[in-house]
Amino acid sequence: MNEQILIKTLPSGKLSADHYERVASPMPEIQAGEVLVKTNAFAITAGTRAGLQGSASYAGAPTTGIVMGGTGVGTIVATNSDAVQVGDQVLTSTGWQQYSVQKPANLELIPARHDPLHYLGPMGVNGLTAYFGLLSVGEARSEQTVMVSAAAGSVGHLVGQMAKIQGCTVVGVAGSDQKNDTLVSKLGFDAAVNYKNGDYRAALKEATPDGVDVYFDNTGGFILGSALFRMNVGGRIACCGVVSQYDTSSPEPGPKGIPGLLVNKRITMRGFLVFDFADQYAEARSEIHGWLQSGALISLTDQVSGLAAAPDAFVDLLAGGNIGTRVVVLD
Numbered sequence: 001m002n003e004q005i006l007i008k009t010l011p012s013g014k015l016s017a018d019h020y021e022r023v024a025s026p027m028p029e030i031q032a033g034e035v036l037v038k039t040n041a042f043a044i045t046a047g048t049r050a051g052l053q054g055s056a057s058y059a060g061a062p063t064t065g066i067v068m069g070g071t072g073v074g075t076i077v078a079t080n081s082d083a084v085q086v087g088d089q090v091l092t093s094t095g096w097q098q099y100s101v102q103k104p105a106n107l108e109l110i111p112a113r114h115d116p117l118h119y120l121g122p123m124g125v126n127g128l129t130a131y132f133g134l135l136s137v138g139e140a141r142s143e144q145t146v147m148v149s150a151a152a153g154s155v156g157h158l159v160g161q162m163a164k165i166q167g168c169t170v171v172g173v174a175g176s177d178q179k180n181d182t183l184v185s186k187l188g189f190d191a192a193v194n195y196k197n198g199d200y201r202a203a204l205k206e207a208t209p210d211g212v213d214v215y216f217d218n219t220g221g222f223i224l225g226s227a228l229f230r231m232n233v234g235g236r237i238a239c240c241g242v243v244s245q246y247d248t249s250s251p252e253p254g255p256k257g258i259p260g261l262l263v264n265k266r267i268t269m270r271g272f273l274v275f276d277f278a279d280q281y282a283e284a285r286s287e288i289h290g291w292l293q294s295g296a297l298i299s300l301t302d303q304v305s306g307l308a309a310a311p312d313a314f315v316d317l318l319a320g321g322n323i324g325t326r327v328v329v330l331d
């Protein structure tokens with residue numbers, strides 16, 4: 001049997017585990033040109049919550065009764081294609097299930113010398129998003145100040161480290177003292193601010209005495225608003241996500257200062273999707289792999305065991321319970 005997690009109902013407010021159901025379906029059969037992939041692990045990402053809202057246009061309209069989507073790593077256990085072999089490790093859209101039928105064109109082969117879990121973190125969508133958002137969109141350069149929100153998350157903790165590699169001063173914003181201690185003591189951030197403690201804006205001002213040249217925005221909301229007032233002339237804002245707005249039926253209004261601050265400070269504010277840079281993935285992965293090998297880049301993985309744990313793990317992630325990339329490892 002193929003154990004799966006289906007979308008039972010679409011949330012109108014906050015997501016709960018009750019919006020999902022676990023089912024045992026017949027084992028899928030492969031046709032000519034298809035392969036069967038056994039899922040070993042998949043990532044849980046905040047962005048998939050936007051898909052359940054229908055606010056992620058690239059994800060299509062949300063639908064019930066289907067397997068919850070997600071990117072995973074797995075092993076080919078059967079093939080009707082000469083393009084791949086049984087035993088190959090691959091990255092693909094596994095969804096939240098034990099087995100999936102795939103076309104070879106939808107698979108990325110993972111080199112034998114690489115850790116497959118890295119392809120759910122720094123070598124996968126999260127790492128590539130951090131890389132291109134920081135360097136191509138944010139145009140971060142040595143001796144500049146980079147601010148990143150959701151800094152202990154799957155993308156944010158990589159952004160900050162990549163900025164340090166470029167010679168930047170890095171300030172992270174996260175929602176707990178534990179997260180901020182990890183950012184500074186383990187990942188090398190220069191400073192970290194807890195947006196839930198005391199006078200957040202005063203703390204951010206103290207942490208950015210020279211202003212902010214690049215802001216990598218993962219949250220939207222009032223943190224974006226606070227960043228706007230710390231931006232230097234000619235600053236760049238890379239808009240990656242709005243995690244503060246995904247799990248609510250009452251999203252915050254847009255931040256103050258637009259367009260006034262953008263005009264007066266000549267700030268560039270640009271949204272992007274990692275798929276915009278697909279033709280540059282190989283080059284980026286080569287550089288990221290080098291950083292991992294040298295120890296310059298640390299990948300934090302927050303592992304959860306068992307498919308049944310995925311819904312609760314997703315709800316907890318949306319509440320800020322993760323540090324690094326949350327990964328569900330199947331039994």
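The working numbering applies: residue 1 is where the sequence shown begins, and numbers increase by one.
No residue lacks a Cβ here, since even glycine has one placed at the ideal position from N, Cα and C.
DSSP-derived helix/strand/coil call for residue i
i	result
residue 178	helix
residue 20	strand
residue 195	coil
residue 326	strand
residue 38	strand
residue 232	strand
residue 44	strand
residue 252	coil
residue 242	coil
residue 86	coil
residue 165	helix
residue 158	helix
residue 208	coil
residue 262	helix
Local Cβ density within 10 Å of residue i, reported as buried at 16 or more and exposed below that
i	result
residue 185	exposed
residue 104	buried
residue 193	buried
residue 10	exposed
residue 87	exposed
residue 132	buried
residue 189	buried
Limits of the unbroken beta strand (DSSP E) element including residue i
i	result
residue 98	Per DSSP, residue 98 belongs to no beta strand (DSSP E) and is neither H nor E.
residue 269	268-271
residue 215	212-217
residue 76	72-79
Boundaries of the alpha helix (DSSP H) in which residue i is found, first to last residue
i	result
residue 302	From DSSP, residue 302 is part of no alpha helix (DSSP H) but of the beta strand (DSSP E) over 301-305.
residue 134	Where residue 134 is concerned, there is no enclosing alpha helix (DSSP H), given that its DSSP letter is neither H nor E.
residue 106	Residue 106 -> no alpha helix (DSSP H), and no H or E assigned at all.
residue 314	310-318
residue 280	No alpha helix (DSSP H) contains residue 280, which DSSP labels as neither H nor E.
Whole-Å CB distance - residue i paired with residue j, under 8 Å assumed
i	j	result
residue 147	residue 173	7 Å
residue 170	residue 129	About 17 Å; that fails the 8 Å criterion.
residue 40	residue 25	About 19 Å separates the two Cβ atoms, so there is no contact after all.
residue 198	residue 320	Going by Cβ atoms, the distance from residue 198 to residue 320 rounds to 18 Å, so no, they are not a contact pair.
residue 271	residue 302	With a Cβ gap of about 27 Å, residue 271 and residue 302 do not count as contacting.
residue 15	residue 242	Not confirmed; about 15 Å, so no contact.
Residues that DSSP places opposite residue i in a beta bridge
i	result
residue 172	148, 192
residue 5	22
residue 67	6
residue 237	215, 269
residue 129	Bridge partners of residue 129: none, in fact.
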